[in-house]
Amino acid sequence: MEKIVLPDIENFHELDVYKKHGGYEAIRKALAQTPDEVIDTVKKSGLRGRGGAAFSTGLKWSFMPKTTDKPKYLCVNGDESEPGSFKDRQIFEYNPHQLIEGILIAAYAIGSNNAYVYIRGEYHKWIRLLQKALDDAYAEGLVGEAMKKTYGTNFHVDIFIHKGAGAYICGEESALMESIEGKRGYPRVKPPFPAQNGLWGCPTTINNIETLTNVPAIINKGWEWFAAIGAERHPGTILYGVSGHVNKPGVYELPTGTLLTDIIYNYAGGVPGDKKIKCIIPGGSSMPPLRGDSIEGLRMDAESLKAAGSSIGTAGIMVMDEDTDLVKVLARITRFYYIESCGQCTPCREGTGWMKKILDRMVAGKARSSDIDLVVNVASNIDGNTICALGEAAAWPVMYMIERFRDEFEAVMDNTYVPPIKNKVHSMRQTKITVDRY
Ligand SMILES: Cc1cc2nc3c(=O)[nH]c(=O)nc-3n(C[C@H](O)[C@H](O)[C@H](O)COP(=O)(O)O)c2cc1C
Ligand code: SF4
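At position 327 of the sequence shown (counting the first as 1) the number is 307 in the numbering used here, and the numbers step up by one without a gap.
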């Protein structure tokens, strides 16, 4: 299978090698077309965002105003702080020039002369590697003002790296823009959406690292080629990051729509000791967990996972074997979102704290039998009632883990009777699965 994002070519991260394999030809091709033609190609390719929401990339680009007296910006999201996600750093290390070329093409398509790559602050090594690639591209006149001469057009774009300071919330696109502006990373209320009112109040597009790395290949080989790979409504390849109880954890580039069992058993080497899988989170810790006995025949694409009651998210697959203590797992996940909540809105700020408190009580064996419904009630009251999707990211693991593994939670109760609270009834049919409200 041909790899698009992480090709098996030795030293592909080096500029000379990248150029030898046709690197920086796609931007030439793109510059020979109108920006609308480039957007149309990306739209028709079916490329969908790899940052979590799987939104159509070409459609997002088309939201940028054509006529405006304000500068336009491109933000490239490499914050990658979702537990279970570790794929964007592979691109910084093994294919930085294809990312840079993708940024150039996206900037041209939306009419931006300035792009900011926002990278998770702890990624020291990968920040250095991307900076080196960027310096090399600048030195050869492939980026910046010198582009005009190199490519013989009037277009140029400067690319800046902006380091985060370790806050998960700064991966949320509006918090990311606040952070670039030098402010605390508080998500903004939407609408207005970034294409209308983004960075410094100007039209802005935000895309994930992996999303943009696909773009040069689409321009070079055509939208039909890309659209024919993988799942029909969610085409291309995707970087599956497999972690947890597997023999060979790692990042595997495979077509969308690959069987989940194929990824686990044929690529990630199966489960140590041939144990059964109890639970799987298919797209990073914020996505609804699935039962291990429900994954037979399940394909890894946005539509299939939605139908199965979860979501593709960042395709970070977390595998838990039959001996895993799911009460502890959920307590750990909940602690993460409690710590990372920015505290701006009450349901998330207070709710994540309450959920953590109750789950810690369960882990300590001090929970009351009513605590199961109580924690689900708190989660249900966060879901859909917050400024940004961190609320859902915190609520979904609690709601769905308990719905799908209730017996595990009942087993740790001390059976003290406390009158039941009035609970909001919850079922998958009532819950709209979206990651970002775009
Ligand atoms: C709490 C939170 C954290 C997020 N973190 C990231 C991240 O680290 N990287 C990323 O690309 N998108 C992240 N997102 C999604 C972004 O808001 C945005 O949808 C994405 O960068 C858009 O790019 P795409 O359309 O190419 O997927 C996060 C969203 C939320 C709610
Ligand atoms: S949902 Fe949570 S993280 Fe998002 S704005 Fe509200 S408090 Fe902050």
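Every residue, glycine too, gets a C-beta built ideally from N, C-alpha and C. None of the values given here were measured: they were computed from a predicted structure.
Check: Burial state of Met(-19), where buried means 16 or more other Cβ atoms lie within 10 Å; Outcome: exposed
Check: 7 Å CB neighbourhood of Gly190 in its chain, flanking five on each side removed; Outcome: Note that residue 190 is Glu in the sequence shown here, rather than Gly. Only Val(-15), Arg30, Lys67, Asp68, Ile71, Leu219 meet the Cβ criterion.
Check: Ile(-11) versus Val355 - alpha carbon distance; Outcome: 49 Å
Check: Ligand 2 heavy atom lying under 8 Å from the CB of Ser350; Outcome: no
Check: 8 Å Cβ shell around Gly249 - same chain, five flanking residues per side excluded; Outcome: Val226, Asn227, Lys228
Check: Heavy atom of ligand 1 within 8 Å of Tyr247 beta-carbon; Outcome: no
Check: Counted within 10 angstroms of its Cβ, other Cβ atoms place Phe206 as buried (16 or more) or exposed; Outcome: buried
Check: Coarse secondary structure for Cys368, derived from DSSP in three states; Outcome: coil
Check: Environment of Pro327 [buried if 16+ CB atoms lie within 10 Å]; Outcome: buried
Check: Asn187 beta carbon near ligand 1 (any heavy atom closer than 8 Å); Outcome: yes
Check: Proximity test, Thr193 beta-carbon vs ligand 1 heavy atom, cut-off 8 Å; Outcome: no
Check: Residue environment, Arg409, which counts as buried when at least 16 other CB atoms sit within 10 Å; Outcome: Bear in mind that a pLDDT of 43 at Arg409, under 50, signals an unreliable position, so the model cannot answer this.
Check: Neighbour-count burial assignment, Pro171, 16 or more Cβ in a 10 Å radius; Outcome: exposed
Check: Cβ-heavy atom distance, Thr366 to ligand 2, below 8 Å; Outcome: yes
Check: Supposed contact pair Ser266 and Gly230 - C-beta distance, whole angstroms, cut 8 Å; Outcome: That pair is no contact at about 21 Å.
Check: As assigned by DSSP and simplified to three states, the class of Asn361; Outcome: helix
Check: Spatial distance of Arg279 from Gly221 (CA atoms); Outcome: 15 Å
Check: From Ala155, Leu79, Val137, residue whose alpha carbon lies closest to that of Ala113; Outcome: Leu79
Check: Reduced DSSP secondary structure (H/G/I, E/B, other) of Met267; Outcome: coil
Check: Minimum Cβ-Cβ distance from Leu285 to chain B less than 9 Å; Outcome: The structure shown contains no chain B, having only a single protein chain.
Check: Whole-Å CB distance - Leu310 paired with Pro377, under 8 Å assumed; Outcome: 6 Å
Check: Residue range of the unbroken alpha helix (DSSP H) whose run includes Thr388; Outcome: Position check: residue 388 holds Glu in this sequence, whereas Thr was assumed. That run of the alpha helix (DSSP H) goes 386 to 390.
Check: Local conformation of Glu(-18) per DSSP, three classes; Outcome: coil
Check: 6 Å Cβ shell around Glu372 - same chain, five flanking residues per side excluded; Outcome: Asp363
Check: Ser154, DSSP secondary structure in three states; Outcome: helix
Check: Other residues of its chain near Ala87: CB distance less than 6 Å, five sequence neighbours each side excluded; Outcome: Leu54, Ala95, Val137
Check: Those residues which DSSP pairs with Arg28 across a bridge; Outcome: Ser36
Check: Paired residues, beta bridge with Cys55 - DSSP; Outcome: Tyr96, Ile186
Check: Contact under 9 Å by Cβ, Gly58 with Asn188; Outcome: yes
Check: Straight-line gap, Ala197 to Glu81 (C-alpha atoms, nearest Å); Outcome: 10 Å
Check: As assigned by DSSP and simplified to three states, the class of Arg164; Outcome: coil
Check: Three-state secondary structure assigned by DSSP to Met379; Outcome: helix
Check: contact_flag[the stretch 123 to 138, the stretch 147 to 157] where n(CB pairs < 8 Å) is 3 or more; Outcome: no
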